[in-house]
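In my numbering, the protein residues as written are 43 to 199. Each residue gets a CB set at the ideal place from its N, CA and C atoms; glycine is no exception.
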């Protein structure tokens, strides 16, 4: 049963872990820790969501706990922030993926959780024990850096 469950969800959950942690070894360790939690708590699964969503929540929380442990978040000045930052429409996905992995850990984590995984600022704030405004601020700065990186990559081709 555990092997079947692991085989079914391993690749997708590794991708989530890796996007948050941006380090193959740390992401793999975090994933193993998360699946251990899944297996130990499987009887507590109440079916309020899909099994995959429940596992993903455990994977995300485990990866975020690892980030906190490593103290990878950078505090930001939240004053005078414009919330709209556009990324060019004509970017190539490989530019974006490369740029995302080059972001500082805090920026990357917020960007991945909100823009890729679909969490709300409130959910991210709860996961990370930060304010919603800090989540918004980190996302703003992440998008700004991404835009700059993408433009540089595109102009250097």
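* Asked: What do you reckon, are the CB atoms on residue 64 and residue 187 nearer than 9 Å?
  -> For residue 64 and residue 187, no; Cβs fall outside 9 Å.
* Presumed contact (8 Å Cβ cut-off) between residue 204 and residue 62, rounded CB distance -> Since the first and last residues shown for the chain are 43 and 199, residue 204 lies out of range.
* Compare the beta carbon distance of residue 144 and residue 185 with 9 Å and say whether it is the shorter of the two. => Taking 9 Å as the cut-off, the beta carbon of residue 144 is found no closer than this to the beta carbon of residue 185.
* **Minimum C-alpha distance to residue 54 - residue among 108, 67, 68 and 73** => Relative to the Cα of residue 54, the nearest Cα in the group 108, 67, 68 and 73 belongs to 73.
* Buried or exposed for residue 179, please, with buried defined as at least 16 other CB atoms from any protein chain shown within 10 angstroms of its CB. => Residue 179 should be labelled buried.
* Identify whether residue 155 lies in helix, strand or coil by the three-state DSSP scheme. => helix
* **Buried or exposed by the 16-neighbour rule on C-beta atoms within 10 Å, applied to residue 148** => buried
* Classify residue 144 as helix, strand or coil using the three-state DSSP reduction. => helix
* Alpha-carbon spacing of residue 90 relative to residue 47, whole angstroms -> 18 Å
* Asked: What separation, rounded to the nearest whole angstrom, lies between the Cα atoms of residue 70 and residue 108?
  -> 12 Å
* **4 or more residues per run - each alpha helix (DSSP H) lying fully within the segment 155-181** => 163-170
* Asked: If you run the structure through DSSP and keep just helix, strand and coil, what is residue 196?
  -> Residue state, collapsed to three classes: helix.
* Asked: Looking at C-alpha atoms only, which residue of 172, 141, 97 and 152 is the closest neighbour of residue 189?
  -> 141
* Asked: What do you get for residue 43, buried or exposed, if any count of 16 or more other CB atoms within 10 angstroms of its CB means buried?
  -> That one is exposed.
* Asked: Is the CB-CB distance between residue 152 and residue 181 below 9 Å?
  -> yes
* To do: Could you tell me the boundaries of the alpha helix (DSSP H) in which residue 49 lies?
  => 44-63
* **Sub-9 Å separation of residue 58 and residue 111 beta-carbons** => Not a contact, by the Cβ cut-off of 9 Å.
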